[in-house]
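From first to last, the protein sequence lines are chains A and B.
Per the working numbering: the first sequence = residues 1 to 290.
Per the working numbering: the second sequence = residues 1 to 333.
Glycine included, every Cβ here is placed at the ideal spot set by N, Cα and C.
Predicted model only: the values in this text are computed from it and were never measured.
To start, the structure itself, in structure tokens.
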Amino acid sequence: MPAEIYLNVAASGLLTGLVYGLMALGLSVIFGVVRVVNFAHGEMMTVAMYLTLVLFGALQLDPLVLLVPIAAVLFVFGYLLQRALINPFINRPEHSQFMLLVAVALILVNLQLLVFGPDAKGIRTPYSFDSFQLGPLVVDASKVYAAGAALVVAAALFAFFRYTLIGKAIRACADNYEGARVVGLDVKRLYALTFGLGAACVGAAGAMLMAVIDVTPAIGPAYTLLAFVIVITGGLGSMPGALLGGLLIGVTEALGGVLFTPSAKSMFAFGLLVLVLLFRPQGILGRKTA
Amino acid sequence: MIARLLEGVPRRGLAMLAALLAFLLVFPAFASGYLVSLGFLILYFAYVGQAWNIMMGFAGQLSLGHSLYVGLGAYAAAALYVHFGLSPWIGLFASIALCALAGAAIGFLAFRFGVAGVYFAILTIAFAEFARIGFDHFAWVRGSSGLFLPVANYAENDLWNLRGSPRMFYYLMLGMAAGAFVLCHALLRSRVGYYWRAIRESPEAAQALGVNLFRYRMIAVVLSAAMTSLAGVVFAFYYNNLFPEQIFHVSRSIELILGPIIGGIGTLVGPLVGALLLTGLAEGLGELLLALGVDVPGVKQVFYGVCLLLVVMFLPDGVWPPLARALGLNRKG
């Protein structure tokens, strides 16, 4: 019996981990190309979650459908944020970029607090209480759908970077800034596109998470930290690394929650982060030069 | 010694400093209790900002986890007082030792394994978060239900046990802030200070000239941690309650570094100017919104965020360097 509990918890952690992975993928893509650490990442995700909440209330559409327009809105938001605020900071020192994004995060969190109040809010889909049974495994339907959608979005992003011309141009900027400029790429526009794509990832992840957890303004900073832990564990700037990191952290937290007390679960995530930073600072799948 | 400290300091700057110090000394005599506690808060942030500045401003190591040292320092002294009735003046040695050790451990791990830049910053957050959750489950200091210090009435000030009025804490904090200022001034003119700035500007060049990067980075971290721990001790005895959820929180780390960044990283006066501006701004906004009848949570922080954004965008070096030029103080201090 206990073995089955652990198996179930691990499976559930794995599914949540995929959504975490998609969120972290956004952070990783932004850092990998623009070289700016998005300290407002979790706050951007709660923006997406509140959008889901409002649109779900107004239109009664499934979060899995809503994730498309929400990802689009976040894309525009990210694009404009990069163009208007972050571009002038590209060559400024790290602490200066950090302050800029902390200010953005502060504004986002408190605007959410202002509009929606501090209470937790959730949505209930028709399948909120459904579950799938697979032998001894029982998993929530919402988590399965969310994880499936996360995989689809991540695959689309991989394909975009691999096969489209713009995707290749963005990778060129990441590999060699000077070189990209020499061959005439509009680096600023590509950076803004990348930031938009990263924001779209976190937007999609937010829409999906809304089917699984409740939202409060306060979870934004917590998810920013979680995204850091994930991308550094997996390898900052590595796309498969972000997904792998998400899975690892999802399972670690879930198992840590049952093995010890649930309130101590993120301690395991941070413990894992410290170990990775010390013994493989570039992350599990990161490149040495990252 | 004193003559050496004063050497080369512009006369005008010295006069201004003396005037400022005189003002701060007599300020509580004619200020209301509210203003005195505000003054305490400004001096508190000036002090921790100065301590953080040693690591970031002087030696170039970005720490986003200084709440770890505030929290450890606060908990060590408070727990010794609550459990054994030990005076904070004795307890502070435990605080300093603990924080110096924690700083040394983090520094050792990071610098030995070559963790730098963004990664170092996130490592410091990770340790602070680790401590936050750990202390939530640490029964000896009452875990997440919080550690409370017995509150006596403010009839008389007991300096030995740090039980007393905000006025007493104000003067204590003033002494600490002034001490930190002088210490940092001396450090900047010492060999260590020059090594730090060499490391900050170019680690490779400094190493090529024979500066031991590891040793001087370690000195910066340990010193900064030890100084920050004292702020924690005062924090514990001023507020009389400690919650891991609050004291170790990342927002606390960010709060304490805003001052020196807004004021001007790496400058002596920056942390003080930043603390004054930010605390004044936060309180002023609160008062203004209260007067306007806008009492919605979040409004104040949104304004705060916008002001921060504007300063970061338009005054990248902080407020102090241009202000110093305007005042005719050309030197960076």
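- In the DSSP assignment, residue 212 of chain A falls outside any alpha helix (DSSP H) and carries neither an H nor an E.
- DSSP places residue 133 of chain A in the uninterrupted beta strand (DSSP E) bounded by 131–134.
- Cα atoms of residue 300 of chain B and residue 124 of chain B: separation of roughly 28 angstroms, rounded to the nearest angstrom.
- By the Cβ rule, the segment 36–52 of chain A does not count as touching the segment 176–188 of chain A, because fewer than three pairs are nearer than 8 angstroms.
- Residue pairing by DSSP places residue 140 of chain A opposite A/131 in a beta bridge.
- Taking all protein chains in view, the Cβ of residue 303 of chain B is crowded by 16 or more other Cβ atoms within 10 Å, so the residue is classified as buried.
- Residue pairing by DSSP puts residue 158 of chain B in a beta bridge opposite B/163.
- In this structure, DSSP gives residue 147 of chain B an extended state, which the three-state scheme calls strand.
- Taking the C-beta atoms as reference points, residue 192 of chain A is found no nearer than 9 angstroms to residue 280 of chain A.
- Close CB contacts of residue 178 of chain B within its chain, under the 8 angstroms cut and outside five residues either way in sequence, are with 21 (chain order).
- With respect to residue 74 of chain A, residue 203 of chain A sits close: the two C-beta atoms are nearer than 9 angstroms.
- At a cut-off of 9 angstroms between C-beta atoms, residue 273 of chain A counts as an interface residue with respect to chain B.
- For residue 168 of chain A, no pairing in a beta bridge is given by DSSP.
- Residue burial is scored here from C-beta neighbours: residue 263 of chain A has fewer than 16 other C-beta atoms within 10 angstroms and is therefore classed as exposed.
- Between residue 37 of chain A and the set B/68, B/18, B/121 and B/35, the nearest pair of CA atoms involves B/121.
- The beta carbon of residue 132 of chain A does not come within 9 angstroms of any beta carbon belonging to chain B, so the residue lies off that interface.
- With respect to residue 195 of chain A, residue 86 of chain A sits close: the two C-beta atoms are nearer than 9 angstroms.
- Linking residue 251 of chain A to residue 14 of chain A through their CA atoms gives a straight-line distance of about 5 angstroms.
- At least one CB of chain A lies nearer than 9 angstroms to the CB of residue 113 of chain B.
- Any Cβ of chain B closer than 9 angstroms to the Cβ of residue 37 of chain A would place that residue at the interface, and such an atom is present.
- In the three-state scheme derived from DSSP, where H, G and I count as helix and E and B as strand, residue 85 of chain A is classed as helix.
- At least one CB of chain B lies nearer than 9 angstroms to the CB of residue 92 of chain A.
- Here DSSP, grouped into helix, strand and coil, assigns residue 242 of chain B to strand.
- Residue 263 of chain A reaches chain B at 136, counting residues in chain order whose Cβ is nearer than 7 angstroms.
- Contact check for residue 12 of chain A against residue 186 of chain A fails: the beta carbons are separated by 9 angstroms or more.
- Contacts with chain B at 9 angstroms (Cβ-Cβ) include residue 266 of chain A.
- Chain A has a Cβ within less than 9 angstroms of the Cβ of residue 118 of chain B.
- Neighbours of residue 301 of chain B in chain A, taken as residues whose beta carbon is under 7 angstroms from its own, are 106 and 110 in chain order.
- Around the beta carbon of residue 209 of chain A, a 10 Å sphere encloses 16 or more other beta carbons of the protein chains shown; the residue is thus reported as buried.
- Under the Cβ criterion of 9 angstroms, residue 324 of chain B is not counted among the residues facing chain A.
- In chain order, 274, 277 and 278 make up the part of chain A whose C-beta sits under 9 angstroms from the C-beta of residue 109 of chain B.
- Against chain B, the CB of residue 187 of chain A has no partner CB under 9 angstroms away; the residue lies outside that interface.
- For residue 238 of chain A and residue 214 of chain B, the gap between their C-alpha atoms comes out near 29 angstroms.
- Listed by position along chain B, the residues whose Cβ is nearer than 7 angstroms to that of residue 103 of chain A are 305, 308, 309 and 312.
- Taking C-beta atoms as the reference points, residue 62 of chain A and residue 16 of chain A fail to come closer than 9 angstroms.
- DSSP links residue 121 of chain A through a beta bridge to A/215.
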